[in-house]
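Asker: These protein sequence lines are chains D and X, in that order.
Take any residue in the first sequence, note its place counting from 1, add 19, and you have its number in our numbering.
Take any residue in the second sequence, note its place counting from 1, add 44, and you have its number in our numbering.
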Amino acid sequence: MRRALERISLIDVFMWIVGGSIIGIVLVGSVATIRSGQYSIRHWSDFLIFGVAQGSVYALIALGYTLVYGILRMINFAHGEVFMSGAYTAFFVADALSKSGFLGQNPLLGLLAVFAVSMATSVTVAVILERVAYRPLRRAPRLVPLITAIGASFFLQYTFRGFYGSGFKSYPEVPVLQGSWVWGGIVSIQRIQVLVIVAAGLLMLALYTYVQRTRAGKAMRAVSEDKDVAALMGINVDAVIVQTFIIGAALAGAAGVLYALMFRQVHFFMGFFPGIKAFTAAVLGGIGNIPGAMLGGLFLGIFESVGPILFLDGLGVPAPYQLKDAIAFTMLVLILIFRPTGILGERLARAKA
Amino acid sequence: MAILEVENVHTYYGNIHALKGISLTVNEGENVTLIGANGAGKSTLLKTISGLLHPKQGMIRLAGEDLAAYQAHEIVGKGVVQAPEGRRVFGRLTVSENLEMGAYTRVDRSGIADGIEHVFTLFPRLKERHNQVAGTLSGGEQQMLAIGRALMARPRVLLLDEPSMGLAPILVQSIFETIVQLHAAGTTILLVEQNARMALQIADRGYVLQTGQIILSDTAGNLRQNEMVQKAYLGMA
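#1: Can you list the residues of chain D that X:R153 reaches, using a CB-CB cut of under 9 Å?
#2: List the endpoints of the continuous beta strand (DSSP E) containing D:N255.
#3: Which class does X:A84 belong to by DSSP, given the choice of helix, strand or coil?
#4: Whole angstroms is fine: what's the gap from D:I147's alpha carbon to D:V242's?
#5: Which whole-angstrom value describes the C-beta separation of X:E185 and X:E206, a residue pair presumed to lie in contact below a C-beta threshold of 8 Å?
#6: Could you work out which residue in X:E49, X:I93, X:Q176 is closest to X:E74 when comparing CA atoms only?
#7: Would you list, in chain order, the members of the segment 238-251 of chain D that have their beta-carbon closer than 7 Å to a beta-carbon of chain X?
#8: Would you report the Cα separation of X:Y114 and X:V53, rounded to the nearest angstrom?
#9: Strictly below 7 Å CB to CB, what residues from chain X border D:F253?
#10: Expressed to the nearest angstrom, what Euclidean distance is found between the alpha-carbon atoms of X:L137 and D:G326?
#11: Name the residue from X:P213, X:A84, X:M242 whose alpha carbon lies nearest to the alpha carbon of X:I223.
#12: So for X:E172, helix, strand or coil by DSSP?
#13: Enumerated in chain order, which unbroken segments of the beta strand (DSSP E) with a length of 3 residues or greater are wholly contained in the segment 49-118 of chain X?
#14: Could you check what DSSP says for X:E237 in three-state terms: helix, strand or coil?
#15: How would you list, in chain order, the residues of chain D whose beta-carbon sits under 7 Å from the beta-carbon of X:P128?
#16: According to DSSP, X:Q257 sits in a beta bridge with which residue or residues?
#17: Name the two residues that bound the continuous alpha helix (DSSP H) containing D:L162.
#18: For a contact meaning CB atoms closer than 8 Å, what does D:V193 contact in chain X?
#19: Counting only beta-carbon separations shorter than 8 Å, does D:V230 have a partner in chain X?
#20: Can you tell me which of X:K64, X:T69, X:Y56 puts its alpha carbon nearest to the alpha carbon of X:M45?
#21: Examine chain D for any beta-carbon lying closer than 8 Å to the beta-carbon of X:R283, and answer yes or no.
#22: Does the count of Cβ pairs from the segment 131-149 of chain X and the segment 165-183 of chain X closer than 8 Å reach three?
#23: Any beta-carbon of chain X closer than 8 Å to the one on D:V87?
#24: Count the CB pairs spanning the segment 204-222 of chain D and the segment 298-312 of chain D that are closer than 8 Å, and state whether there are at least three.
#25: Quickly, what does DSSP pair X:T138 with across the bridge? List them, please.
#26: Whole angstroms is fine: what's the gap from D:A250's alpha carbon to D:V256's?
#27: Just to make sure I have the definition right: I need the residues of chain D whose C-beta is within less than 8 Å of the C-beta of X:M145. Which are they?
#28: Mind checking which residues open and close the beta strand (DSSP E) that includes X:D205?
#29: By the criterion of Cβ-Cβ separation under 7 Å, what are the contact partners of X:R132 in chain D?
#30: Using a Cβ-Cβ cut-off of 8 Å, state whether X:R173 counts as contacting chain D.
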């Protein structure tokens, strides 16, 4: 008995106490919030739907982190700026189409054009990034490309700031996407949220099918496991790496438009927080794992949207929604302490055996 | 006729001079073995032939064509295919997907399907497990898959790097039987082995590699009788 106790370290005990008390606070807070009756089912369903929409955008960006990590074991910290550059450039197209009235008359074609421009811009930026900033450093120590990525991220932010100024630009309204649907007075969903969730879902389904079923997708998985052997099978490893950046960037470009349509603005710094959040989501789900990134994104989006009010409102915390980032990152730390590989990540030791 | 010619090849690993002027030839339809101790440079030579490493000096020719200008993945398309040391199957891909990756350079769909059938007749165990991820196979099954995967590219020259490594004796026996079978069916093979006894029993000719240099080359029969080979590689006093 004593021996068994001695084997438990103080730090472990401390961590369990911290974890336990946080769970305690969450439970007490949730019960208090629900019992206060301040929020109706209608409110909760609003929070939930907003969380799913927000989470879908996180998931799309998170896929870019996870795909590149899976292939190169490198965190592309400029990915948030890849997202921004697509959304920002597409703003000019959206703005012009809106002013000419085209977006009102022919919303489907108009939106497709906005998406196409955004995705193409993101892809171009990512491909240049890979070629200029990452490929020459592929054999360098891991810290080097990481620092380069952070540098590239600043470079892109301030390039956009230099060209287009530091102010917010408001994204035009798309008339078809205004308004919402209500069912039974309980569930109400905005049209724009429907677009975000459906578009993200379709893109993720397409990605999953591509990676699992096609020859190129299988080659991607082969390269992510063993580059040398993939080359010995006749797979052009450089081409697969570029292709991975292209897919990740296209998803980020699409996410950029969805994000801009939801929040109705673009800004040179807009990639930073969604980028960090999506990176968090990718780690949460298990970095390198594609379903993990999707799940992590949704989970983080819902958690951020429902969590602060559910956990903190009942405890009398004023303006709990302001604490959403603090809550999101507390959860990240907790998950990394108790499950370092993320939700769906495999244990490294087992993966290697 | 010589299909693969290696001529005075020097390869460096960083600053280490790993291959010091290697020359060897493999003729069409031959089974040639390369034996040597750990660290002699056997795998380095195969990696150089496959294009994963680039020689500082010397030339490698396939059916007369210089391979220097090609990258590793292009050399596979030319017909030099390697089953690497330590098997290195794609552990998270299924057995069938591993075989498809072996056929990556091919575009003839029906030919690929036939190739998979051929591998399954060669290794019925793989057929039973075709939907299983390769990481869950036993060592012997993974070696079968590694060889099968290399065959999928329809090699003109098949490079086998230590196929017997880490396998139980009975599996070693069965892998070597497969190699004999492949050779009998006309496949040209360059077999790198530490298990010199087995390798010299099934090969036509052999080369002995020591610290980056070829120190002996002869028919397999003569090498088996060679006193130095017996002492150093066959464990005879």
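All C-beta atoms, glycine included, are put in the ideal place defined by N, C-alpha and C.
Quick caveat, the model's predicted, so the values are computed rather than measured.
Answerer: A quick look at the data gives this:
#1: Going along chain D, no residue has its Cβ under 9 Å from X:R153, so there is no contact; the nearest lies around 10 Å.
#2: That residue, D:N255, is in no beta strand (DSSP E); it is neither H nor E in DSSP.
#3: Assigned with DSSP and collapsed to three states, X:A84 falls in coil, not helix or strand.
#4: Annotation: D:I147 to D:V242 spans about 21 Å, alpha carbon to alpha carbon.
#5: Between the beta-carbon of X:E185 and that of X:E206 there is about 17 Å, and that puts the pair past the 8 Å contact cut.
#6: The residue with the shortest Cα to Cα distance from X:E74 is X:E49.
#7: Cβ contacts with chain X: A238, R240, A241, E244, D245, D247, V248, A250, L251.
#8: The straight-line gap from Cα to Cα measures roughly 16 Å.
#9: Per the sequence shown, the amino acid found at residue 253 of chain D is Gly instead of Phe. In chain order, H117, V120, G121, Y148, T149, A197 make up the part of chain X whose C-beta sits under 7 Å from the C-beta of D:G253.
#10: Inter-residue distance for X:L137 and D:G326 is about 38 Å (C-alpha atoms, whole angstroms).
#11: With distances taken between CA atoms, X:I223 lies nearest to X:M242 out of X:P213, X:A84, X:M242.
#12: Three-state DSSP puts X:E172 in a helix.
#13: As far as the segment 49-118 of chain X is concerned, its whole beta strand (DSSP E) runs of at least 3 residues are 60-71, 75-80, 101-106.
#14: X:E237 falls in the strand class under three-state DSSP.
#15: The answer, in chain order, is V248, L251.
#16: The partner list for X:Q257 (beta bridge, DSSP) reads X:Q254.
#17: Taken as a continuous stretch (DSSP letters only), the alpha helix (DSSP H) holding D:L162 covers 162-183.
#18: Within chain X, no residue comes near D:V193; the closest Cβ sits about 42 Å away, beyond 8 Å.
#19: Closer than 8 Å: no.
#20: Minimum Cα-Cα distance from X:M45 among the listed residues X:K64, X:T69, X:Y56 corresponds to X:T69.
#21: The requested residue 283 of chain X does not occur in the structure, where chain X is confined to residues 45 to 281.
#22: Taking 8 Å as the limit for Cβ pairs, the verdict is that the segment 165-183 of chain X does touch the segment 131-149 of chain X.
#23: No - not a single Cβ of chain X is within 8 Å of the one on D:V87.
#24: Taking a cut-off of 8 Å on C-beta distances, the segment 204-222 of chain D does not touch the segment 298-312 of chain D, as fewer than three cross pairs fall below it.
#25: Beta-bridge partners assigned by DSSP to X:T138: X:V177.
#26: Each residue's alpha carbon lies about 6 Å from the other.
#27: Under a criterion of Cβ atoms nearer than 8 Å, the residues of chain D adjacent to X:M145 are, in order, K237, A238, A241, A249, M252, I254.
#28: It spans 201-205 - the beta strand (DSSP E) in which X:D205 sits, taken as one unbroken run.
#29: Result: D245, V248.
#30: The beta carbon of X:R173 does not come within 8 Å of any beta carbon belonging to chain D, so the residue lies off that interface.
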